[in-house]
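Sequence lines, in order, name chains S and G. Heads up, the first sequence is in the working numbering, so the first residue is 2 and it goes up one at a time. Heads up, the second sequence is in the working numbering, so the first residue is 83 and it goes up one at a time. Ideal Cβ positions, reconstructed from N, Cα and C, are used throughout, including at glycine.
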Amino acid sequence: MKLHEFQAKEIFARYGIPVQPGVVIERPEEIDRLEIPYPVVLKAQVLVGGRGKAGGIKLAADPVEAKAKAAQILGMDIKGERVRRLLVVQAADIGVEYYLAFTVDRAARRLVCVASAAGGIDIEDVARTAPEKIVKLHVDPCTGFQPFHGRGIAKRLGFGGKALLQFAGIASALARLCAEMDAELAEINPLAAAAGDGTLLAIDAKLIIDDNATFRHEGLPRNEELTALEAAARAADLSYVELDGDVAIIGNGAGLVMSTLDMIAHFGGRPANFLDVGGGATTENMAQAMEIVLRKPGVRALFINIFGGITRCDDIARAIAAQPPRVPMVVRLTGTNEAEGRAILEAAKIHAYVEPEPAAREAVRLARA
Amino acid sequence: MAILVNASTRVLVQGITGYQGEFHTRRMLEFGTAVAAGVTPGKGGAEVAGVPVFDTVAEAVAATGANAACIFVPARAAKDAALEAIASRLDPVVIITEHIPVHDAIAVVAAARAAGVRVIGPNGPGVTSPGQCKIGIMPNHLFTPGPVGLVSRSGTLTYEIVAGLTAAGLGQSTALGLGGDPVVGLSFQEAIELFAADPQTRAIVMVGEIGGGAEEEAARYVGASVRKPVVGYIAGVTAPPGKRMGHAGAVISGTEGTAQAKMAAMAAAGITVVDLPSRVAEVVRRLL
Numbered sequence: 002m003k004l005h006e007f008q009a010k011e012i013f014a015r016y017g018i019p020v021q022p023g024v025v026i027e028r029p030e031e032i033d034r035l036e037i038p039y040p041v042v043l044k045a046q047v048l049v050g051g052r053g054k055a056g057g058i059k060l061a062a063d064p065v066e067a068k069a070k071a072a073q074i075l076g077m078d079i080k081g082e083r084v085r086r087l088l089v090v091q092a093a094d095i096g097v098e099y100y101l102a103f104t105v106d107r108a109a110r111r112l113v114c115v116a117s118a119a120g121g122i123d124i125e126d127v128a129r130t131a132p133e134k135i136v137k138l139h140v141d142p143c144t145g146f147q148p149f150h151g152r153g154i155a156k157r158l159g160f161g162g163k164a165l166l167q168f169a170g171i172a173s174a175l176a177r178l179c180a181e182m183d184a185e186l187a188e189i190n191p192l193a194a195a196a197g198d199g200t201l202l203a204i205d206a207k208l209i210i211d212d213n214a215t216f217r218h219e220g221l222p223r224n225e226e227l228t229a230l231e232a233a234a235r236a237a238d239l240s241y242v243e244l245d246g247d248v249a250i251i252g253n254g255a256g257l258v259m260s261t262l263d264m265i266a267h268f269g270g271r272p273a274n275f276l277d278v279g280g281g282a283t284t285e286n287m288a289q290a291m292e293i294v295l296r297k298p299g300v301r302a303l304f305i306n307i308f309g310g311i312t313r314c315d316d317i318a319r320a321i322a323a324q325p326p327r328v329p330m331v332v333r334l335t336g337t338n339e340a341e342g343r344a345i346l347e348a349a350k351i352h353a354y355v356e357p358e359p360a361a362r363e364a365v366r367l368a369r370a
Numbered sequence: 083m084a085i086l087v088n089a090s091t092r093v094l095v096q097g098i099t100g101y102q103g104e105f106h107t108r109r110m111l112e113f114g115t116a117v118a119a120g121v122t123p124g125k126g127g128a129e130v131a132g133v134p135v136f137d138t139v140a141e142a143v144a145a146t147g148a149n150a151a152c153i154f155v156p157a158r159a160a161k162d163a164a165l166e167a168i169a170s171r172l173d174p175v176v177i178i179t180e181h182i183p184v185h186d187a188i189a190v191v192a193a194a195r196a197a198g199v200r201v202i203g204p205n206g207p208g209v210t211s212p213g214q215c216k217i218g219i220m221p222n223h224l225f226t227p228g229p230v231g232l233v234s235r236s237g238t239l240t241y242e243i244v245a246g247l248t249a250a251g252l253g254q255s256t257a258l259g260l261g262g263d264p265v266v267g268l269s270f271q272e273a274i275e276l277f278a279a280d281p282q283t284r285a286i287v288m289v290g291e292i293g294g295g296a297e298e299e300a301a302r303y304v305g306a307s308v309r310k311p312v313v314g315y316i317a318g319v320t321a322p323p324g325k326r327m328g329h330a331g332a333v334i335s336g337t338e339g340t341a342q343a344k345m346a347a348m349a350a351a352g353i354t355v356v357d358l359p360s361r362v363a364e365v366v367r368r369l370l
């Protein structure tokens, strides 16, 4: 789960990483009560990237300007996400901007520290245009990230004196945070040096916590990344992703469902969602899955693609027969207990395909009809 | 021949007294797998489907000569279980468990490498060498022995393709699921290296999906070093960036990990890329 900047900064502060004190507001009138010295920066709290370019970050010299700009940003739509909160911080006078992050390197199967003196912009752009400006260090899982690793990176970024020690301290703190909080990404961009004395300050903070590790972290904020339907699906232990087409999809197994979406697109249709009922899905799981995918407005057909392994075709068929959908439906059913499953569907006058492709073609045709 | 598991593999099931552990132990026995022992801490002395249960891996290995592990224990205890199997040098260590934290997977893979042991998974269906040994949860009836080696990141899609191969009269040497997580043990390239060296395997099928760069890495290896025909399929052409498609590892990050990039890398390496899973069997037959 991705955290908002203000949520990430609260955690960064706990680890001794320098962040500016800030206040979160939800209405422009709250500006009046702030006790932050002007000028201030108003920052839209959204989970999508690129909020600065979209006009979600603004400088204000006094309370009148701050209130006007807060009114502009609050409620704004940034890449489909509505701005509900602003983080207000004192404007900092900054010089050089650095980049510092810890993330999972899948290929190396290790955590990697990524740092650059070309901070403040998208690190993927730096990687593309000037890869020599990026310093990378893989973390040995046996030793962890040590202060000397941080000093080595600081040296390569051109730090010296007190700033070198401060950078190494921040890097060690971020490494500890990443390990202890089960972060998939802990990123400071920019990590800015103050214009005067060069003191480092985390201007922005990004933190993504491993969804599989939330069980061992108390007090995490609510996951705001999910749509209402996605949250409902997760509560029912179903893996659901909302898409923008009109053919609702249910299948078993992530790979099979991805491939089912591709098949629908291959035959000219547009999938409305991804839904994996999971291995060993029960009749109840399947009923919940049907209920969730059909709740999405604009769905014109339902395609159910089941290859029974641990999942049993008869369990799936019982859910389908009990609750015929409000839209045209195509079922592909094969594998474990196939004959029993087919018998249940036939009794309910529902045809089931054996091969996936003719079924996918028919689902596309029905959505267009 | 086959790879990773064969008739001399003696399997130890960790979490054997749980619902999944017991169910799949019975299916493995029906397949003909030599399940030598089970481990559930605190339940030593019990028996599941005729298989003796021990408290620790070390005593199970000493008593039964088990040489490979299959892990069904819940995610929060899976790191401990895997490290225990690695400490006894079981090989391979097959982790079926889903939802293991990625930091735990990193620790397990590092420990396995240090010990010279191969980890398969987590979050995979296991490994099956038809006629010899099955470790994991793949449905028994799909398989028949033969010349096709299959390596995949997904379970059900593997079953779909294996069923297609078997129906077309094409048996399998070994079918292997690498797991759907971002950090897994055995990689595509390592699996393909094993298939390339296996005399039974005459054609290789690789089934990838969006996320990461393991398919591209394997493609470069195939282009440089593999003489056997390789057929590839990638799921997730229609997946939007930034969304996890069921598997924790199936996510396009920024511009990395798209299906298009993987298919292009595979085609450039001389791999025959198909656009529907059902086409795998006919293409394999043509290439053999």
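Worksheet item: The alpha helix (DSSP H) with residue 162(G) in it runs from where to where?
Response: 157 to 169
Practice prompt. Please name the residues in the region 208 to 227 of chain S whose beta-carbon is closer than 8 Å to at least one beta-carbon of chain G, in chain order.
Written response: 211, 212, 213, 214, 216 and 217
Worksheet entry | Residue ranges of each alpha helix (DSSP H) within the region 319 to 357 of chain S, 4 or longer | 339 to 348
Discussion item. At the 9 Å Cβ level, is residue 308(S) part of the contact set with chain C, yes or no?
Written reply: Looking for chain C here will not work: the only protein chains present are S and G.
Worksheet item: Can the beta-carbon of residue 89(S) be found less than 9 Å from the beta-carbon of residue 67(S)?
Response: yes
Practice prompt. Return the CA-CA distance between residue 26(S) and residue 175(S), expressed in angstroms with no decimal places.
Written response: 27 Å
Worksheet item: Given residue 41(S), which residues of its chain have a CB within under 8 Å of its CB, disregarding the five upstream and five downstream residues?
Response: 35, 60, 61, 67, 89, 90, 91 and 92
Worksheet entry | Cβ of residue 330(S) within 9 Å of any chain G Cβ | no
Practice prompt. Give, in chain order, every residue of the region 255 to 279 of chain S whose Cβ lies closer than 7 Å to some Cβ of chain G.
Written response: 255, 256, 257, 258, 259, 260, 262, 263, 264, 266, 267, 272, 275 and 277
Worksheet item: Using 9 Å as the limit for Cβ to Cβ distance, is residue 252(S) near chain G?
Response: yes
Practice prompt. Go ahead and label residue 185(S) buried or exposed: buried means 16 or more other beta carbons lie within 10 angstroms of its beta carbon, across all protein chains shown.
Written response: buried
Practice prompt. Report, in whole angstroms, the separation of the C-beta atoms of residue 214(S) and residue 185(G), which I expect to be a contact under 8 Å.
Written response: 7 Å
Worksheet item: Rounded to the nearest angstrom, how far is the Cβ of residue 206(S) from that of residue 13(S), given a contact under 8 Å?
Response: 5 Å
Practice prompt. Drop a sphere of 10 angstroms on the beta-carbon of residue 5(S), count the other beta-carbons inside from all chains shown, and report buried for 16 or more, exposed for fewer.
Written response: buried
Item to complete: Can you pull the chain G residues whose beta carbon is under 9 Å from the beta carbon of residue 189(S), in chain order?
Response: Those within 9 Å of residue 189(S) in chain G number zero; the least Cβ separation is about 18 Å.
Worksheet entry | Between the CA atoms of residue 313(S) and residue 334(G) - distance to the nearest angstrom | 31 Å
Discussion item. Comparing C-alpha positions only, which one of 257(G), 316(G), 163(G) and 176(G) sits nearest to residue 226(G)?
Written reply: 257(G)
Worksheet item: Which residues in the same chain have their Cβ closer than 8 Å to the Cβ of residue 172(G), if we skip the five residues on either side of it in sequence?
Response: 94, 139, 143, 148, 149, 150, 151 and 199
Item to complete: Drop a sphere of 10 angstroms on the beta-carbon of residue 265(G), count the other beta-carbons inside from all chains shown, and report buried for 16 or more, exposed for fewer.
Response: buried
Worksheet item: In angstroms, rounded to a whole number, what distance separates the CA positions of residue 209(G) and residue 225(S)?
Response: 38 Å
Worksheet item: Which residue from 328(G), 329(G), 180(G) and 211(G) puts its Cα closest to that of residue 373(G)?
Response: The requested residue 373(G) does not occur in the structure, where chain G is confined to residues 83 to 370.
Worksheet entry | Span separating the alpha-carbon of residue 53(S) from that of residue 195(S) | 21 Å
Worksheet entry | Stretch-stretch touch, CB-based, cutoff 8 Å, three pairs: the region 120 to 137 of chain S with the region 77 to 85 of chain S | no
Discussion item. 9 Å is my cut-off, CB to CB: does residue 173(S) come that close to chain G?
Written reply: no
Worksheet item: What three-state label does DSSP hand residue 314(S) in the structure shown?
Response: helix
Worksheet item: Is it a yes or a no for the region 238 to 253 of chain G touching the region 121 to 140 of chain G, going by three-plus beta-carbon pairs under 8 Å?
Response: no
Discussion item. Between the region 174 to 181 of chain G and the region 116 to 136 of chain G, can you find at least three pairs of beta-carbon atoms closer than 8 Å?
Written reply: no
Worksheet item: Hey, quick one: how far does the beta strand (DSSP E) through residue 16(S) stretch, first residue to last?
Response: Looking at the DSSP string, residue 16(S) is not in any beta strand (DSSP E), and its letter there is neither H nor E.
Fill in: Exposure of residue 179(S), with buried meaning 16 or more beta-carbon neighbours within 10 Å
buried
Item to complete: Could you tell me whether the Cβ of residue 239(G) comes closer than 9 Å to any Cβ of chain S?
Response: yes
Fill in: Same chain, Cβ closer than 8 Å to residue 311(S), five either side skipped, listed in chain order
280, 281 and 337
Practice prompt. May I have the straight-line CA-CA distance separating residue 289(S) from residue 325(G), to the nearest angstrom?
Written response: 22 Å
Practice prompt. Give the residues of chain S in contact with residue 325(G), contact being defined as C-beta atoms less than 7 Å apart.
Written response: 242
Practice prompt. Out of 283(S), 223(S), 177(S) and 271(S), state which residue places its alpha-carbon closest to the alpha-carbon of residue 299(S).
Written response: 271(S)
Item to complete: Over the uninterrupted alpha helix (DSSP H) stretch that includes residue 160(S), give me the two end residues.
Response: Looking at the DSSP string, residue 160(S) is not in any alpha helix (DSSP H), and its letter there is neither H nor E.
Practice prompt. Taking residue 362(G) as part of the beta strand (DSSP E), name the residues at either end of that continuous run.
Written response: No beta strand (DSSP E) holds residue 362(G); the alpha helix (DSSP H) holding it covers 361 to 369.
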